[in-house]
Amino acid sequence: MMKLLARYHHRVINPDTGNLEITFAISDYNSKANTEELEKELYSLEIKKPRSKRSLNQNAYLWSLIHELALKMDEDDLDVYIKLLNESKAKYEVLKVLSEAENDLKKCFRVVKLIKYDVNKDYAYFQCYYGSSTFTTDEMNKLIDTAISWCNELNIPTLEGDIYGM
Numbered sequence: 001m002m003k004l005l006a007r008y009h010h011r012v013i014n015p016d017t018g019n020l021e022i023t024f025a026i027s028d029y030n031s032k033a034n035t036e037e038l039e040k041e042l043y044s045l046e047i048k049k050p051r052s053k054r055s056l057n058q059n060a061y062l063w064s065l066i067h068e069l070a071l072k073m074d075e076d077d078l079d080v081y082i083k084l085l086n087e088s089k090a091k092y093e094v095l096k097v098l099s100e101a102e103n104d105l106k107k108c109f110r111v112v113k114l115i116k117y118d119v120n121k122d123y124a125y126f127q128c129y130y131g132s133s134t135f136t137t138d139e140m141n142k143l144i145d146t147a148i149s150w151c152n153e154l155n156i157p158t159l160e161g162d163i164y165g166m
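For what it's worth, full-length UniProt numbering labels the leading residue of the sequence shown as 1, then goes sequentially.
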């Protein structure tokens, strides 16, 4: 697998094939060298904006806190995450959908929690949480602060000060 950091340059329709061709400019020497391995084959590409080191550090710190809390509370990491999302009043949607649509919701949301079924059980209400990767810095800080508060209550050591925001 190859990961490259590149800047979008332009796109054009190839007049011979009718295919869309997208060009990226690569300035990093190692990335340039890696492209020499490429052959004229079909590749699966995922293009996304790079995440800041800060958000990656915050995410790693959050999940380390969640894991420590889960161990202390004798619960699953995901259950603790859901409780933290609830307590920090994180973004969510309540959706009424066909009962069998739960797996489809799980493809769109980080956490999907069944609230209740309707009378005939044809439809269900789900509480659907957006993942912390979609949070603003303030929302992420609030979630981490909630986790730190829980850790303090359970005598779980945490980092001092605002180091997690680096």
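Backbone N, C-alpha and C define an ideal beta-carbon position, used for all residues, glycine too.
Cβ separation of residue i and residue j, assumed to be a contact under 8 Å, to the nearest whole Å
| i | j | result |
| --- | --- | --- |
| Y125 | K91 | Y125 to K91, Cβ: 17 Å. No contact. |
| R11 | A25 | Between A25 and R11 the Cβ distance is about 13 Å, and since that is not below 8 Å, they are no contact. |
| S99 | D122 | 6 Å |
| A147 | L62 | 6 Å |
| L5 | P50 | 6 Å |
| L143 | S133 | Between S133 and L143 the Cβ distance is about 12 Å, and since that is not below 8 Å, they are no contact. |
| L56 | T158 | Between T158 and L56 the Cβ distance is about 18 Å, and since that is not below 8 Å, they are no contact. |
Unbroken alpha helix (DSSP H) run spanning residue i, endpoints
| i | result |
| --- | --- |
| V80 | D77 to E87 |
| E102 | E102 to C108 |
Reduced DSSP secondary structure (H/G/I, E/B, other) of residue i
| i | result |
| --- | --- |
| M2 | coil |
| T23 | strand |
| I148 | helix |
| Y129 | strand |
| K113 | strand |
| I156 | coil |
| M166 | Interpretation of M166 is limited by its pLDDT of 39, a score under 50 that renders its predicted location unreliable; no figure is taken from the coordinates. |
| W61 | Rather than Trp, the amino acid found at residue 61 in this sequence is Tyr. Of the three classes helix, strand and coil, the one that applies to Y61 here is helix, per DSSP. |
First and last residue of the uninterrupted beta strand (DSSP E) at residue i
| i | result |
| --- | --- |
| L98 | Y92 to L98 |
| V12 | R7 to I13 |
Proximity test, residue i beta-carbon vs the ligand FAD heavy atom, cut-off 6 Å
| i | result |
| --- | --- |
| D77 | With respect to the ligand FAD, the structure offers nothing, as it holds no ligand at all. |
Segment contact, 8 Å Cβ cut-off, at least three pairs: the region 24-43 with the region 126-137: no
Sufficient close CB pairs (3 or more, under 8 Å) joining the region 98-112 to the region 71-87: Touching, yes, given that three or more Cβ pairs across the two stretches are closer than 8 Å.
Sufficient close CB pairs (3 or more, under 8 Å) joining the region 141-159 to the region 60-77: Yes, the region 141-159 touches the region 60-77.
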